[in-house]
Amino acid sequence: MHAEVLRVIHATAANYSSMYQDVLHGRRTEISYLLGYVCAAAMRHRCPAAHLQQLQTRLTAHLAHKGLRTD
1 MHAEVLRVIH ATAANYSSMY QDVLHGRRTE ISYLLGYVCA AAMRHRCPAA HLQQLQTRLT
61 AHLAHKGLRT D
């Protein structure tokens, strides 16, 4: 198992996430979809998600500041 973990680490060390690549190339990210879904689900279940809502707000503002779509 340890050898397999090391193999995957070395094989993927140069990879970047799709969201990072979207930001790098000025494309719209899926952050509103992902965090929006989780925050809405939390509200439906009456489960406080203040930190996630704050994260969504801050990330959306950061992306808007970079000129990226946030819808």
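Going by full-length UniProt numbering, the sequence shown opens with residue 1, and the numbers climb by one from there. C-beta: ideal position from N, C-alpha, C; glycine also.
CB of residue i within 7 angstroms of CB of residue j, strictly
i, j, result
"V38", "L52", "yes"
"Q21", "L35", "no"
Straight-line gap, residue i to residue j (C-alpha atoms, nearest Å)
i, j, result
"G67", "R27", "10 angstroms"
"A42", "Q54", "13 angstroms"
"V8", "S17", "15 angstroms"
"L6", "E30", "30 angstroms"
"L59", "E4", "34 angstroms"
"D71", "L63", "11 angstroms"
Nearest to residue i (by Cα), restricted to the options the options
i, options, result
"Y33", "H65, N15, M19, A50", "M19"
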